[in-house]
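In our numbering, the protein residues as written are 72 to 139. These notes are about the structure you will find just below.
Set out below in structure tokens:
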């Protein structure tokens with residue numbers, strides 16, 4: 072069964088503040104789903120994949136494989 076988060080749950084999962092998550096949403100920097108009723112939710116698998124991409128990017132930068 073798929074797991075979904077609301078903003079509050081995602082903030083807790085990511086160990087961030089709710090306002091930090093809202094900033095990611097406003098900046099279109101995090102995968103999300105807009106429900107027909109206008110509620111924003113987040114699919115756990117999408118968030119985990121997004122986190123892995125971010126970790127890989129940081130690792131690439133730290134190992135000197137990419138110039139920023």
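Built from N, CA and C at the ideal position, the CB exists for glycine as well.
### Query
For residue 77 versus residue 112, is the C-beta spacing smaller than 8 Å?
Contact flag set, yes.
### Message
Using only the alpha-carbon positions, how far apart do residue 81 and residue 97 sit?
### Response
Taking the CA atoms as reference points, residue 81 sits about 15 Å from residue 97.
### Query
How is residue 104 classed by DSSP in three states: helix, strand or coil?
Residue 104 falls in the strand class under three-state DSSP.
### Task
Within 10 angstroms of the Cβ of residue 92, are there 16 or more other Cβ atoms? Answer buried if so, exposed if not.
So residue 92 counts as buried.
### Message
My output table needs one value for residue 97: the three-state DSSP class, helix, strand or coil.
### Response
When DSSP states are grouped into helix, strand and coil, residue 97 belongs to the helix group.
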